[in-house]
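Just so we're aligned: 80 in UniProt numbering is position 80 of the sequence shown, and the numbers increase by one with no gaps anywhere.
Have a look at the structure below, then the notes.
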Amino acid sequence: MSENCIFCGIVAGTIPSTQVASDDRAIAFMDINPATRGHLLVIPRTHSTDLREASAEDLTAATLLAQSLVGRVIERLDADGANLLSCIGADAWQSVFHTHLHVIPRYKDDPLQLPWHPTPGDLDEINATAATLT
Ligand code: AMP
Ligand code: ZN
Numbered sequence: 001m002s003e004n005c006i007f008c009g010i011v012a013g014t015i016p017s018t019q020v021a022s023d024d025r026a027i028a029f030m031d032i033n034p035a036t037r038g039h040l041l042v043i044p045r046t047h048s049t050d051l052r053e054a055s056a057e058d059l060t061a062a063t064l065l066a067q068s069l070v071g072r073v074i075e076r077l078d079a080d081g082a083n084l085l086s087c088i089g090a091d092a093w094q095s096v097f098h099t100h101l102h103v104i105p106r107y108k109d110d111p112l113q114l115p116w117h118p119t120p121g122d123l124d125e126i127n128a129t130a131a132t133l134t
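See the structure below:
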C-alpha cells in the first residue's frame with residue numbers, strides 16, 4: 001500500500017471502482033475515461049510504480065487476468081479485438097504510478113489509431129541499436 005496512490009485506494013476499497021474480476025493477486029475494473037466501450041484496467045494488488053518493479057508473480061497474475069478479460073470483451077461485448085497497453089514513465093503516457101495493464105477492446109469502426117506511422121527504418125541504425133540491446 002502506497003500513500004496517495006489511487007489504485008492502492010481502489011484495492012483497499014477506500015476509492016470506489018467498478019470491478020469486474022479479481023483473484024488473490026490482481027483485480028480488474030473499468031477505466032473511468034474509456035478509450036472504447038469496455039476499457040478495463042488490470043492491476044496487481046501489491047503496489048509497484050510500474051512494470052519494472054512488479055514481481056514475477058504479480059505480473060503473471062495480472063497478465064493472466066488480462067488474457068481472460070480479452071476473451072470476455074470479445075465474447076460479451078462483441079469486440080473485434082483488443083489492445084493491451086502498459087505505460088512506463090510519464091513520457092510514455094503513464095499518469096497513475098501503480099503498475100497496470102490497459103485492456104482496450106477494439107471495434108472495426110472505433111476511432112483509435114496507431115500512435116506512430118510505420119515507416120521503414122535505416123537498417124544500419126536498427127542493427128546498431130540491436131547491438132546495444134544484446
Ligand atoms: P495511465 O495513463 O496509463 O497511467 O493509465 C491510468 C488510467 O487510469 C487512465 O486511463 C485513467 O482514465 C484511469 N483512472 C484514473 N483514475 C481512475 C479511477 N479512480 N478509476 C478508474 N480509472 C481511473
Ligand atoms: Zn499503488
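Backbone N, C-alpha and C define an ideal beta-carbon position, used for all residues, glycine too.
Just so we're clear, the structure is a prediction, and the values are computed from it rather than from any experiment.
Alpha carbon to alpha carbon, how far is residue i from residue j?
i: residue 93; j: residue 56; result: 23 Å
i: residue 107; j: residue 15; result: 30 Å
i: residue 81; j: residue 103; result: 10 Å
i: residue 41; j: residue 77; result: 16 Å
i: residue 21; j: residue 113; result: 28 Å
i: residue 59; j: residue 65; result: 10 Å
i: residue 29; j: residue 18; result: 5 Å
i: residue 96; j: residue 73; result: 23 Å
i: residue 54; j: residue 111; result: 32 Å
i: residue 105; j: residue 70; result: 7 Å
Could you please give the first and the last residue of the uninterrupted beta strand (DSSP E) stretch that includes residue i?
i: residue 123; result: No beta strand (DSSP E) contains residue 123, which is instead part of the alpha helix (DSSP H) from 123 to 133.
i: residue 102; result: 101 to 106
i: residue 97; result: No beta strand (DSSP E) holds residue 97; DSSP gives it neither H nor E.
i: residue 34; result: Looking at the DSSP string, residue 34 is not in any beta strand (DSSP E), and its letter there is neither H nor E.
i: residue 81; result: 81 to 85
i: residue 43; result: 40 to 44
Would you mind reading off the limits of the alpha helix (DSSP H) that contains residue i?
i: residue 64; result: 56 to 76
i: residue 9; result: 6 to 12
Quick check: does the Cβ of residue i come within less than 8 Å of any heavy atom belonging to the ligand ZN?
i: residue 2; result: yes
i: residue 7; result: yes
i: residue 39; result: no
i: residue 11; result: yes
i: residue 117; result: no
i: residue 141; result: The displayed coordinates of the chain run from 1 to 134. Any statement about residue 141 would go beyond what the structure contains.
Does the beta-carbon of residue i, which I'm using as the reference point, lie nearer than 8 Å to any heavy atom of the ligand AMP?
i: residue 17; result: yes
i: residue 95; result: yes
By the 10 Å Cβ neighbour count, where 16 or more other Cβ atoms means buried, how is residue i classified, buried or exposed?
i: residue 38; result: buried
i: residue 43; result: buried
i: residue 10; result: buried
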